[in-house]
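Be aware that the sequence shown starts at 5, since it is given in the working numbering, and climbs by one per residue.
We treat Cβ as the ideally placed atom computed from N, Cα and C, and that holds for glycine.
Keep in mind that this is a model prediction, so the values were computed, not measured.
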Amino acid sequence: MKKKRITVAIVAAIFMLTVVSCVVPVLAKYVMEQGKQSVLESENFYFTSNYLGADDTPTYEILGSSVTFELRNYEDGLRINGTDISYAVTATEGTLSLSAGTLAKGAAASSEITLSYDFQADEQKKEILVTAKGEGVYARTLRAKFIFIKPTEKLKYYIEDVAGRNYAILYICASDVDKSATLFWDMGKLVIDETNDYVFDRITNNLSGTGSATTATIAAGTTAKIIFFKKDLNANFSCAMTVSDDDTIHVS
5 MKKKRITVAI VAAIFMLTVV SCVVPVLAKY VMEQGKQSVL ESENFYFTSN YLGADDTPTY
65 EILGSSVTFE LRNYEDGLRI NGTDISYAVT ATEGTLSLSA GTLAKGAAAS SEITLSYDFQ
125 ADEQKKEILV TAKGEGVYAR TLRAKFIFIK PTEKLKYYIE DVAGRNYAIL YICASDVDKS
185 ATLFWDMGKL VIDETNDYVF DRITNNLSGT GSATTATIAA GTTAKIIFFK KDLNANFSCA
245 MTVSDDDTIH VS
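Structural data, given as structure tokens:
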């Protein structure tokens, strides 16, 4: 009986060695193939920009009529595209200094492109979508929205809002010179965000139900953002870009 058990153990061991000798090369081949696949997948298509985005569409406000952005063939100093990238650039409005080109492989390279726009006489704001499409091993599309605001010494403002949302956003633009604005709003309809740095400790509420505040200085070339909470969610306080001759703003 003992001899029989030894014989069975030997046969089992030989069987296991045979299975292992067959499986290991297959497993090694699988691991190598997976490794190769991983290397291939890690060779990303590096077509990037300092302003344009791939996963989302960023938005920029430009107090002026032009902006310059870059298209690049690299992510950083270590990640540079290994093939040439041909690209085409389009804009929904305005003029581009360059509409197509090629970024050569092997070394970090970039192309500077300027988008410019000529305002109409009565136009104060213009939104322009820029799209850059890069071709190569993998195609990639970059986008950004630029909002040009016509320069002036006068204060400008606009309000973004939609019915159903519980707040409205007031944007105040000071383009050529430093500005402060005097705000007025109906306290029965709106509640200003008192924690905002531009109006903190500057708010006055009078008995007539009108709230008021004189903002801190808004530096030239910048835009202040102030939130008003709505008491009626169905209300819509949207307002197109407006020029204020006396630096006062009525949010209504």
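Checklist entry - Straight-line CA distance for residue 218 to residue 165? => result 22 Å
Checklist entry - Taking just the CA atoms, how far does residue 52 sit from residue 33? => result In this prediction, residue 33 scores a pLDDT of 43, lower than 50, which makes its location untrustworthy; the coordinate-derived value is nonetheless stated afterwards. For residue 33 and residue 52, the distance between alpha carbons rounds to 36 Å.
Next on the checklist: Please identify the residue among 57, 239, 158 whose C-alpha is closest to the C-alpha of residue 170.
Outcome noted: 239
Item to check | Delimiting residues of the beta strand (DSSP E) encompassing residue 139 | outcome: 129 to 139
Checklist entry - In the structure shown, what three-state DSSP assignment does residue 212 receive? => result coil
Item to check | residue 116 (DSSP reduced to helix, strand or coil) | outcome: strand
Next on the checklist: Rounding to the nearest angstrom, what Cα-Cα distance links residue 242 and residue 198 in this structure?
Outcome noted: 21 Å
Item to check | According to DSSP, residues forming a beta bridge with residue 186 | outcome: DSSP lists 218, 252 as partners of residue 186.
Checklist entry - For residue 337, which residues from the same chain have a beta carbon less than 6 Å from its beta carbon, with the 5 sequence-adjacent residues on both sides left out? => result The question about residue 337 has no answer, for the chain in this structure spans 5 to 256.
Checklist entry - Would residue 204 be called buried (16 or more neighbouring beta carbons within 10 Å of its own) or exposed? => result Exposed is the call here.
Next on the checklist: Here's a check: name, in chain order, each residue in its chain whose Cβ is nearer than 8 Å to the Cβ of residue 248, leaving out the five neighbours to either side.
Outcome noted: 158, 159, 160, 161, 185
Checklist entry - Is residue 222 closer than 7 Å to residue 150 when the C-beta atoms are compared? => result no
Checklist entry - Roughly how many angstroms lie between the CA atoms of residue 102 and residue 206, to the nearest whole one? => result So the two alpha carbons sit approximately 48 Å from each other.
Item to check | Within the region 50 to 119, ranges of the beta strand (DSSP E) (whole runs, at least 3 residues) | outcome: Annotation: the region 50 to 119 contains the following complete segments of the beta strand (DSSP E) (minimum length 3 residues), in chain order: 63 to 67, 70 to 76, 89 to 95, 104 to 107.
Checklist entry - Nearest to residue 86 by alpha carbon, out of 128, 110, 56, 147? => result Cα-wise, what sits closest to residue 86 is 110.
Next on the checklist: Let's test the definition: count the other Cβ atoms within 10 Å of the Cβ of residue 54 and tell me whether it reaches 16, buried, or not, exposed.
Outcome noted: Result: exposed.
Next on the checklist: Please classify residue 93 as buried or exposed, where buried requires at least 16 other C-beta atoms within 10 Å of its C-beta.
Outcome noted: buried
Checklist entry - In three-state DSSP terms, what is residue 199? => result coil
Checklist entry - Taking C-beta to C-beta, are residue 74 and residue 114 nearer than 7 Å? => result yes
Item to check | Range of the contiguous beta strand (DSSP E) that encloses residue 121 | outcome: Residue 121 -> no beta strand (DSSP E), and no H or E assigned at all.
Next on the checklist: Can you tell me whether residue 156 is helix, strand or coil according to DSSP?
Outcome noted: coil
Checklist entry - Below 7 Å between beta carbons: does that hold for residue 152 and residue 69? => result yes
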